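Chains as they are written, first to last, in the numbering used here: chain S, 54 to 650; chain Z, 7 to 352. The C-beta atom is built at its ideal place from N, Cα and C for all residues, glycine as well. Note that the structure is a prediction, hence the values are computed from the model and not measured.
Okay, here's the thing in structure tokens:
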């Protein structure tokens, strides 16, 4: 796998480097430069749309900020272009941050709407402001100079553009293959779960929105110094839509798809400009019809775009070698101090939850002591999962309080609760089906990194955190080995059987290094032997000082495993005690078997 | 600014605001029922105004061809599905059922165009033709995507916008048109002249609102639409087909679009691509209502109309910038009123 990637990257690098050295016609050099500029914007859009599940039509406007900043400063104030680049990045970054802060608090569809408004506004602003040259724009922008090379020549500028494009690709791929990358990949469809693992999803959303805007800004800076003149039209909303078209064509969820899509779009647009008027006459804007129809057809019939198809082809030529199973070594990451066995750990006091008129949980109190396995049982609809959600902060209680490790955690959101050492699994499995088992589990170790957000992100993009990353993956492999799934670590999580997916969730929760583990129906979907194995794992965990609260319907499993049982029915606690006491308890027997009339 | 200018701007803003309000209502309806952010709503407006302009000149309007094309696509897709499942018997019935109405409408419009009937007849033909596009567009483009994410549906909408703008240029040319007023008189109210067209806009909007209310409150189809808007899955379990609800909401949206186009046609020159900005202003209004509330969206539309008319007086160059940038404080306000709710967890 590694060697195949290295060979392909080397071939690509060589091809890119040799292209302008050969007697390539000037026309193709210019095309390649444009493709590079488009690709730069598209890489950001892939991060944002295909991977983060958000979208922006305003990327062209960010390109415009980069281009206009350098155009104005280099012509009117004679500032060096190498100084205007960071200034443009700063302006872009701040505006993207503000835009993101405003819209990303809300549901996903407000961001595209806001970026549409943003794109239109900026286009009109460029076209109306006197000192930006109104619709005529700014001319006479100087060419770039680098180490004595005059980059006015397209052939020279080519190297700068493509060095930046490949650099950006490298950074983006590095970022995705890291702790931060796992968090980013969880944004699309796994936010509740990620928050419960302690991932600050809001922050990562803003991060990729700002990164995408910065890439666009760099593209604009290059564009201005390539064209040597700017006007508002390349930064209009129509262009913003075209960038989105590029990523849909290339492969919306793949960084390389951005490069592929940019190439396809540029070549397609050129062909269409010649072909369509010849075919249909010059009366209409047939290009936009063709683009529109292609966009619809792709999303209807080939949502993955061209890149997956390209990969399948490459895989046939050069089959991937299997990744070796990671043999975990001793953990190098610090662990929490385990509280003394038998000391009170979780205390739930008279907690209730009302949904409108429905009382789902009513005045329920119970406790979990350190090193104890507590079972929460009851018929369907008794309010067990709601209780779980109240303890882990997924829902906020209507009344009552929860304290953990002598700290009141009532009303904290799920991320804050995860930070304090409570990890959970979900009744309806929540994992990221396209990521590997190992990566899914490593998401649980998100909080076990000591670096700050910005430093961690920068290190991840430069792959300076490989040692820490190895430790996190090692931790994940250890958790997998503990639950007996290590042989499947490189499998896609979505390919696992449901029972295995539940076990995966336990491994992920273990990776959080929790003091208290909340398991929602861990044995559902397991076969008899698998249940026994799970029971053994949980007993071992208890030996090592872990406390566990579990909801389960398999009575045999619960009775032989737990130290203490809480029984709920219709939202209220009806009994509590040791397994023996519960088996004899008249209210429990009535709840499960019905009373004797 | 004296009070008479203020009154003129006020009236102007309200008239435009009413039209934006109609569009915003259509957008909220479509979003509630189908989760589609229908970017091309504005194209229906432009198509409506320009179709009427074509009919005025006695020419066959281009959307006739679009209607036929969509009908053929819809039929082709259904026939293909029938063939795949081996139900050859239903093919003829399917072809007739899918093609009959669109062909009749197209033939009617094509026949009526050169006759140059009176304006009300032409308006009726325009509304009929454009409304017929809505359900067919849903059937051809969105039906198989009913379970896709909001994001995918949005990008598809953008695709439709691109295609329809391109087609608009082919159908109507690059020239702009202004259709004649329905009712050409003016009244002086002090310093302000109230044009009859303004009255027509207000009356038409009121009539539409009453009709929509009656439709959603009194008819079974209306109730089905409302049920789907409240809870898609629940409605489906009660036997309301997602496809039916989608087609219905697109029909209503296309009708509202065409009506808006016919209403603003006499007040401003409409080009093939004018619809986009008009539709987006409808989106600004709909966003004020959180894309969920009809009354708030209508109020938002009046706000957008007024903001636009007053900013065209004070800073006419920055009119669009002000209108669209006003979305940002609106979003900020909404993020405090109604913060993130769980969405789209696929």
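- Only 152, 155, 156, 158, 159, 160, 161, 162, 163, 165 from the region 149–165 of chain S bring a Cβ to less than 8 Å from some Cβ of chain Z.
- In this structure, residue 159 of chain S sits away from residue 157 of chain Z, with a CB-CB distance that is not shorter than 9 Å.
- In terms of Cβ geometry, residue 509 of chain S and residue 232 of chain S form a close pair [threshold 9 Å].
- Spatial neighbours of residue 164 of chain S in its own chain (CB-CB distance under 6 Å, excluding positions within 5 residues in sequence) are listed in chain order as 107, 156.
- Between the alpha carbons of residue 620 of chain S and residue 441 of chain S lies a gap of roughly 14 Å.
- Every alpha helix (DSSP H) of 4 residues or more that sits fully in the region 271–304 of chain S is shown, in chain order, as 290–303.
- Residue environment for residue 432 of chain S: exposed (fewer than 16 other C-beta atoms within 10 angstroms of its C-beta).
- Comparing C-alpha distances from residue 154 of chain S to each of S:214, S:222, S:263 shows the shortest one belongs to S:263.
- If you ignore the 5 residues before and after residue 224 of chain S, its C-beta comes within less than 8 Å of the C-beta of 514, 515, all in its own chain and listed in chain order.
- Only buried fits residue 26 of chain Z, as 16 or more other CB atoms lie within 10 angstroms of its CB.
- Counting C-beta pairs closer than 8 Å gives fewer than three between the region 544–563 of chain S and the region 371–391 of chain S, which falls short of the contact rule.
- Against chain Z, the CB of residue 338 of chain S has a partner CB under 9 Å away; the residue lies at that interface.
- Residues of the region 88–116 of chain S that bring their beta carbon within less than 8 Å of a beta carbon in chain Z comprise 102, 106, 107, 108, 110, in sequence order.
- Relative to residue 417 of chain S, the option among S:467, S:186, S:628 whose CA is nearest is S:628.
- Boundaries of the alpha helix (DSSP H) harbouring residue 346 of chain S: 339–354, taken from the DSSP string.
- By the neighbour-count criterion, in which a residue is buried when 16 or more other Cβ atoms sit within 10 angstroms of its Cβ, residue 371 of chain S is exposed.
- If you ignore the 5 residues before and after residue 300 of chain Z, its C-beta comes within less than 7 Å of the C-beta of 31, 34, all in its own chain and listed in chain order.
- Residue pairing for residue 477 of chain S: DSSP places it in a beta bridge opposite S:571.
- Residue state for residue 15 of chain Z is assigned as helix, using DSSP reduced to three classes.
- A direct Cα-to-Cα measurement between residue 136 of chain S and residue 145 of chain S gives close to 15 Å.
- At a cut-off of 9 Å between beta-carbon atoms, residue 538 of chain S makes no contact with chain Z.
- Around the beta carbon of residue 309 of chain Z, a 10 Å sphere encloses 16 or more other beta carbons of the protein chains shown; the residue is thus reported as buried.
- One finds 323, 324 in chain Z with Cβ atoms closer than 7 Å to the Cβ of residue 181 of chain S, taken in chain order.
- In the structure shown, residue 617 of chain S falls within a strand segment according to DSSP collapsed to helix, strand and coil.
- A Cβ of chain S is located within less than 9 Å of the beta carbon of residue 289 of chain Z.
- In the DSSP assignment, residue 203 of chain Z falls within the unbroken alpha helix (DSSP H) covering 202–224.
- No Cβ of chain S is located within less than 9 Å of the beta carbon of residue 201 of chain Z.
- Closer than 9 Å at the C-beta level to chain S, one finds no residue of the region 227–254 of chain Z.
- Annotated three-state conformation of residue 376 of chain S is coil, per DSSP.
- Cβ-Cβ distances below 6 Å link residue 55 of chain Z to 267, 271, 276 in the same chain, with the five nearest sequence neighbours on each side left out; the list follows chain order.
- Contact of residue 293 of chain Z with chain S by beta-carbon distance below 8 Å involves 163, 166.
- With a 10 Å radius around the Cβ and a threshold of 16 neighbouring Cβ atoms, residue 130 of chain S comes out exposed.
- Residue 452 of chain S is bridged by DSSP to S:405.
- Within 9 Å of the CB of residue 344 of chain S, the CB atoms of chain Z belong to 165, 168, 169, 172, in sequence order along the chain.
- DSSP assignment within the region 147–178 of chain S yields no whole alpha helix (DSSP H) run of 4 residues or more.
- Under the DSSP assignment, residue 625 of chain S falls in the beta strand (DSSP E) whose first and last residues are 625–630.
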